[in-house]
Ligand SMILES: NC(=O)c1ccc[n+]([C@@H]2O[C@H](COP(=O)([O-])OP(=O)(O)OC[C@H]3O[C@@H](n4cnc5c(N)ncnc54)[C@H](OP(=O)(O)O)[C@@H]3O)[C@@H](O)[C@H]2O)c1
């Protein structure tokens with residue numbers, strides 16, 4: 002039996018869809034009963050919270066392989082630590098862990114939390130595959146589409162740094178392959194096929210949209226002020242800036258062949274992603 006945590010989320014939900022194409026012995030873990038009711042019918046929905054070990058014991062019963070993902074929050078280490086401890090107790094043989102690019106090297110922000118979880122997992126005695134994906138292409142839609150729609154622009158503080166943006170669909174392909182076979186204990190760096198600056202991303206979006214979309218680089222202090230004004234908590238705004246610094250300092254533009262090696266196909270490219278999501282960038286004129 003395979004269990005997919007974070008099944009209501011971006012990564013977990015995509016892994017679930019992918020694995021259900023090939024397997025029927027799949028449990029999908031949700032926190033909320035409402036999300037569980039919308040689970041794909043082929044999966045067995047279970048309800049549990051990483052903060053509640055008893056709920057995890059019930060959810061992990063009979064599970065041999067587990068996909069572990071949680072929201073990038075400061076409690077990540079404790080929450081995912083609970084999941085690893087209960088998985089060990091329940092005899093789970095292998096965990097495919099959704100970590101992040103920069104884990105193992107960048108001592109700040111999300112990568113730092115993921116590094117701590119990786120260490121817990123690697124010393125747990127449970128078999129592991131650690132996936133370290135670069136920044137998701139899906140972030141362009143989730144975070145940049147609103148101002149692209151209203152201002153033909155998107156904002157950040159990464160300057161001319163390069164990121165090998167990766168499609169979550171490729172993370173899901175890798176995870177599904179590793180969950181289905183006898184994977185060795187290993188760390189995978191998951192990168193897209195090109196290292197792009199945000200100015201280059203803006204050019205690609207412009208081509209797909211048929212109008213000029215600009216990338217506007219803000220000083221970090223100004224971006225932080227804007228994030229706080231939007232209601233983002235201080236810790237999250239700071240974590241985002243600390244992550245941007247990772248790229249500004251010349252990291253995150255690496256190209257690796259881990260996706261090709263595991264899935265047998267090349268990583269998906271940004272052009273295809275933008276064409277598939279072109280509707281998200283349609284100009285919206287504000288109405289009075
Ligand atoms: N965005 C990027 O560019 C990027 C790049 C590299 C790595 N990552 C990593 O990818 C992960 C985020 O993936 P995502 O985009 O799929 O996030 P997401 O859409 O926010 O999904 C997070 C999932 O975790 C679940 N969850 C949160 N707290 C929980 C708890 N206490 N108990 C049980 N489940 C809980 C959420 O359930 P609810 O729906 O109930 O909240 C949701 O299903 C993070 O660890 C992040 O660091 C992100």
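Residue numbers (the working numbering): 2 to 289. Ideal placement from N, C-alpha and C gives every residue a C-beta, glycine not left out. From a predicted model like this one, the values you see are computed outputs, not experimental measurements.
Query, Result
"Pull the bridge partners of residue 218 from the DSSP assignment, please.", "157"
"Count the C-beta pairs between the stretch 208-226 and the stretch 146-160 that are closer than 8 Å, then say yes if the count reaches three, no if not.", "yes"
"Between which two residues does the alpha helix (DSSP H) carrying residue 147 extend?", "146-152"
"Identify every residue that forms a DSSP beta bridge with residue 5.", "29 and 68"
"Following the continuous alpha helix (DSSP H) through residue 292, name the residue where it begins and the one where it ends.", "Any property of residue 292 remains undetermined from this structure, which presents the chain solely from 2 to 289."
"Using a Cβ-Cβ cut-off of 6 Å (strictly less than) and excluding sequence neighbours within five positions of residue 203, which residues of its own chain qualify?", "214, 215 and 216"
"Using the Cα positions of residue 192 and residue 34, report the straight-line distance between them to the nearest angstrom.", "34 Å"
"Can you give the Cα-Cα distance for residue 241 and residue 145, rounded to whole angstroms?", "14 Å"
"I'd like to know whether the C-beta atoms of residue 66 and residue 97 end up nearer to each other than 9 Å.", "yes"
"Give the DSSP bridge partners of residue 97, in chain order.", "68 and 130"
"Between the stretch 161-176 and the stretch 124-139, can you find at least three pairs of beta-carbon atoms closer than 8 Å?", "yes"
"So does residue 102 have its beta carbon nearer than 8 Å to some heavy atom of ligand 1?", "yes"
"Work out the CA separation of residue 71 and residue 111 for me, nearest whole Å.", "12 Å"
"Return yes when the C-beta of residue 12 is under 8 Å from any heavy atom of ligand 2, and no when it is not.", "Among the ligands present in this structure, namely ligand 1, ligand 2 is not found."
"Residue 11 and residue 169: beta carbons closer than 9 Å?", "yes"
"Could you say which of 54, 221 and 268 lies nearest to residue 257 if we only look at CA atoms?", "268"
"For residue 8, verify whether its CB is less than 8 Å away from any heavy atom of ligand 1.", "yes"
"Ends of the alpha helix (DSSP H) at residue 205?", "199-210"
"Just how far apart, CA to CA, sit residue 86 and residue 55?", "12 Å"
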